[in-house]
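Protein chains in written order, with the working numbering: chain A, 9 to 585; chain B, 5 to 434.
Below, the structure is given as structure tokens:
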């Protein structure tokens, strides 16, 4: 260990002590989730029958374990956890896995990070922690999720909080958008309603019903947000004022030969005369006028009053505009609030949402409108219970289906099968999952759990180093495509290099061949700690031969190092099968 | 060849034959008859006369460089501060005294002094100047360098076509895909990380063979379009790069001492040198970042060393490219997200300024030895001949033979032009 780490020990202790709130932890029961599970299962079974689709077979317990761990705990299972699982009697394993995953405290952090990605996206700090603290928000969310606070009440607090980023962590939502009404309106609709009304910021939307006035009316609810060194508050007066930039081009002209030809493009354009087309978008972006700042006097401005774009009857009278907006937004009858969340969770857990992209509920038809409605209705009826929703989705049959069909003949319709959730989508691991899974492979016990604070701190720095090189865009809800830089990092980078170094006394490379009673058991274990499955006889064979030929400990640990390296770099490792 | 073939070639992304196919299609008017008008309408270098440039080097001055302390000094008045002007080699043009070397080379530069934008915040300014579009949440546009690399013909290139040195926010591929994000590299004093295997060649080969076998078995049963295209393909590309001699382009230690010294003993200088080596190797788009320009306080003292670093590195790059006969085919542009206020604030700083800031260009067959637009010596009037970010980008694209008016479909299916600007006539040779 490098000498400087000793200076960091006190810091590590402080970090480990400032854990999120330790209130009563809520674990939802199977009974709460069961009705929704039954509904979803019977709905999908009907669909599969109607479409004459043969659903993929259900996966074995280890694959289910890998999915649950990656989805809910953010990492792969350790060898110790796998051994515990295999000690459970065969008939009880599935229930045990779900119980175990939901009871694990890592689930709270994963769920909280999930919600943070939805609510505030990526930026970590502003002006070096002084103003904005995303981590503080996540740790607050972790505490809220721990007690299973309902989604509607969480969202209300995020929207209407007042105070400092440190003592009222929920205000970080407002601060993350610079307390700017336009940004807040865009973020609010995308995050909590799954709508892109902000597309109407510059022009009336060409494909949907949204008008520029709809967007600006929403922004009007944030007109009185004020932010200064004393934090965020809502003023008693103030209205939004917009003006169009003086040189805005209202439409572009081009010759028909230049214009896009197909139908999708044609919607965005209209024929103006025989020779010209007018493209309706893009228009100039209206400028939000800030009181006291200079303005373009040559252009007229307009004042905007708060107005909701739909369901005005749900909007209450309240002194605080943000509180009124929050009530309207989270109202049980708001047609998008519940749908936006259930679609995102379905997408998170099943690999593809009923509507994709998840913030296009208004423009994209759901692959299964009835299922979306069903999930939303139940979510509302449960009182916006997040953990019950998660428990229900991971308990459905669809969640357990294999990503490979039993038989895939030439006429097997892959698109139809995956769109109807009769075949599980392969999901690439996100940066954070990959980092956790790689580091988990270097240890036989759960990497992050119940560890001495010092070790936990060492893990923290190791993980940071991995993500710094590998990148993890916190604004992304799903994994991005891999890059060459990332590929090189896994092939040759420091973390994998250390994990697969032979001769390290505590690494699996050295320990597995020592601890395992047979060569087969050692190869088995290497597969288990990386891919959460045992090798096929064909996969094991070359390694068994090489182990058999290697007499000495060093040569054996080289074989293990090669095996572990290969597993860590495999496609299967980088994806959730 | 059918239109479908052309479109397939186009959608395969980064394919090496795409450009030649498109050119081929554009030769005849029958391309339009097939209905592929926008797809086939390419701008030719010939449109503006002269051979098109082949490579682009962006010198990115991150933080918002002061026009007054670089390419547009106004000494003596209220706004000039202690900065003096020096006459340049080009009659009638003067630069700030912090750029003596570039002043000597002003005959090889064009300075636009009249960039005007509306984006006075770093992230938004960076986005606008790099992509030509304002930052909006609905679509992510490709950076200039990403689009140039995407469009370039890189047959035979075994190292990334889009490289960024020293950047904390490297330019991205946007809707072209993360495959076109810049390959991030630090100070070229250190080797490119992760290019050496942890084990010997023979053992590494065996590992890769094992890996290939394992991947085949996994993917065989699944329709893993993305996985198949990505993970395995990238392993192949990574291996190609690891084995490639072209990686030596990053090794500035191979340069004679005199060349190394001419660029200055700074990370930026070394990155400029590496950029030249990469261009020589056939890399079409390189960005080199020099940060430290965000001087809200103590502006004049803080800007001095940064300006000197720029002066040395940029000048050496110009000389070096010229000496190697690469300047005509390499367009160099030096810019940042915005400029700095004429007014000097009470902390002796300058703040963000979007109404009249400078961008310098060289090489690439542009008309040089001139300035475009001028700013008010009192810092109140708007500049003459204002230039928009999109127009600057359109100019660069057109010199690089990139059809900047071509349409792309975003992942959401929205049609969008690569660039919405118009080339600046004064920069293009008559």
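Positions of the beta carbon are idealized from the N, C-alpha and C atoms, including for glycine.
Worksheet item: Whose C-beta lies closer than 6 Å to the C-beta of residue 583(A) among residues of the same chain, with five residues either side of it excluded?
Response: Result list for residue 583(A): 434, 436, in chain order.
Item to complete: Kindly list, in the order they appear in chain A, the residues whose Cβ is closer than 7 Å to that of residue 223(B).
Response: Taking a Cβ-Cβ cut-off of 7 Å, the neighbours of residue 223(B) in chain A comprise 579, given in sequence order.
Fill in: Given residue 581(A) as reference, the closest of 189(B), 223(B), 120(B), 163(B) once Cα atoms are compared
Comparing Cα-Cα distances from residue 581(A) to each of 189(B), 223(B), 120(B), 163(B), the minimum goes to 223(B).
Discussion item. Please tell me whether residue 196(A) and residue 205(A) are closer than 7 Å, where the distance is taken between their beta carbons.
Written reply: The criterion of a C-beta distance shorter than 7 Å is not satisfied by residue 196(A) and residue 205(A).
Discussion item. Let's test the definition: count the other Cβ atoms within 10 Å of the Cβ of residue 71(B) and tell me whether it reaches 16, buried, or not, exposed.
Written reply: The residue is buried, with at least 16 neighbouring Cβ atoms inside 10 Å.
Worksheet item: So who's on the other strand from residue 66(B), going by DSSP bridges?
Response: For residue 66(B), which the question treats as bridged, DSSP gives the partners 295(B).
Worksheet item: Any beta-carbon of chain A closer than 7 Å to the one on residue 182(B)?
Response: At a cut-off of 7 Å between beta carbons, residue 182(B) contacts chain A.
Worksheet item: Are there three or more Cβ pairs, one per stretch, closer than 8 Å when the stretch 493-503 of chain A is compared with the stretch 544-557 of chain A?
Response: Below 8 Å, too few C-beta pairs join the stretch 493-503 of chain A and the stretch 544-557 of chain A to call them touching: fewer than three.
Worksheet entry | Contacting residues, own chain, Cβ-Cβ under 6 Å from residue 324(B) (five flanking each side not counted) | Residues 280 of the same chain have their beta carbon placed closer than 6 Å to that of residue 324(B), with the five preceding and five following residues left out of the count.
Worksheet item: Hey, would you say residue 105(B) sits closer than 7 Å to residue 377(B), going by beta carbons?
Response: With respect to residue 377(B), residue 105(B) sits apart: the two C-beta atoms are not nearer than 7 Å.
Worksheet entry | alpha helix (DSSP H) runs wholly inside the stretch 388-446 of chain A, at least 4 long, in chain order | Counting only runs that start and end inside the stretch 388-446 of chain A, the alpha helix (DSSP H) elements of at least 4 residues fall at 394-403, 405-408, 422-427.
Worksheet item: Looking at the C-beta of residue 411(A), does it have a partner C-beta in chain B at a distance below 7 Å?
Response: Residue contact check for residue 411(A) against chain B: a CB pair falls below 7 Å.
Worksheet item: Taking just the CA atoms, how far does residue 258(B) sit from residue 386(B)?
Response: Cα to Cα, the separation comes out at about 48 Å.
Worksheet item: residue 101(B) lies in the beta strand (DSSP E); which residues open and close that run?
Response: Counting along the chain, residue 101(B) falls outside any beta strand (DSSP E), and DSSP gives it neither H nor E.
Discussion item. My assumption, with CB atoms under 8 Å, is that residue 154(A) sits in contact with residue 180(A). Please give the rounded CB distance.
Written reply: Contact flag wrong, Cβ pair sits at about 18 Å.
Fill in: Where residue 239(B) meets chain A, residues with beta-carbon distance less than 8 Å
From the beta-carbon of residue 239(B), the residues of chain A found nearer than 8 Å are 495, 499, 577.
Worksheet item: Span of the alpha helix (DSSP H) holding residue 532(A)?
Response: Segment 527-539, the alpha helix (DSSP H) holding residue 532(A).
Fill in: Rounded separation between residue 303(B) and residue 342(B) - CA only
A straight line joining the alpha-carbon of residue 303(B) with that of residue 342(B) spans about 15 Å.
Discussion item. Please report whether the beta-carbon of residue 235(B) lies at a distance below 7 Å from any beta-carbon of chain A.
Written reply: Interface residue, yes.
Discussion item. Just checking: is the beta-carbon of residue 598(A) within a distance shorter than 7 Å of some beta-carbon in chain B?
Written reply: Residue 598(A) lies beyond the range of chain A shown here (9 to 585); nothing can be said about it.
Worksheet item: If residue 364(B) and residue 75(B) are in contact, beta carbons under 8 Å, what's the gap, nearest whole angstrom?
Response: Between residue 75(B) and residue 364(B) the Cβ distance is about 6 Å, and since that is below 8 Å, they are a contact.
Discussion item. Against chain A, does residue 141(B) count as a neighbour if the rule is that its beta carbon must be under 7 Å from one of theirs?
Written reply: Taking 7 Å as the threshold, the shortest C-beta distance from residue 141(B) to chain A falls below it.
Worksheet item: Is residue 224(B) near the ligand PLP, judged by its Cβ being under 6 Å from some heavy atom?
Response: Questions concerning the ligand PLP fall outside what the structure shown contains, since it holds no ligand whatsoever.
Worksheet item: If you count every other CB in all the chains shown that lies within 10 Å of the CB of residue 422(A), and 16 or more means buried, which is it?
Response: Classification of residue 422(A): exposed, given that the 10 Å Cβ count is below 16.
Worksheet entry | Reduced DSSP category for residue 376(B) - H, G, I as helix; E, B as strand; rest coil | Strand.
Discussion item. On a Cα-Cα basis, can you pick out the residue from 401(A), 501(A), 247(A) that is closest to residue 226(A)?
Written reply: Closest option to residue 226(A), Cα to Cα, is 247(A).
Worksheet item: Taking Cβ positions only, does residue 153(B) come closer than 7 Å to chain A?
Response: For residue 153(B), the answer is no, since every Cβ of chain A falls outside 7 Å of its Cβ.
Practice prompt. Could you name the residues of chain A that residue 226(B) contacts, counting a contact when the two beta carbons are closer than 7 Å?
Written response: Simply 411, 412, 434.
Discussion item. Quick check on the DSSP output: what are the complete alpha helix (DSSP H) runs of length 4 or more inside the stretch 243-320 of chain B, in order along the chain?
Written reply: For the stretch 243-320 of chain B, whole alpha helix (DSSP H) runs of length 4 or above, ordered along the chain, are 261-266, 271-285.
Worksheet item: When DSSP labels each residue in this structure, what does residue 356(B) get in the three-state scheme?
Response: Residue 356(B) falls in the strand class under three-state DSSP.
Worksheet entry | Test item: CB-CB of residue 67(A) and residue 541(A) under 7 Å | No, these two residues do not count as a Cβ contact at 7 Å.
Discussion item. Is it buried or exposed, residue 575(A), if we count other Cβ atoms within 10 angstroms and call 16 or more buried?
Written reply: Around the beta carbon of residue 575(A), 16 or more other beta carbons sit within 10 angstroms, so the residue counts as buried.
Fill in: Contacts of residue 164(B) in chain A (Cβ-Cβ under 8 Å)
At a beta-carbon threshold of 8 Å, the residues of chain A lying near residue 164(B) are 492, ordered along the chain.
Discussion item. My parser needs the alpha helix (DSSP H) runs of 4 or more residues fully inside the stretch 139-211 of chain A; what are they?
Written reply: Taking only runs of at least 4 residues, the alpha helix (DSSP H) segments lying wholly in the stretch 139-211 of chain A are 142-154, 159-168, 180-184, 189-196.
Worksheet item: On the three-state DSSP scale, how would you describe residue 114(B)?
Response: Residue 114(B): strand per DSSP, three-state reduction.
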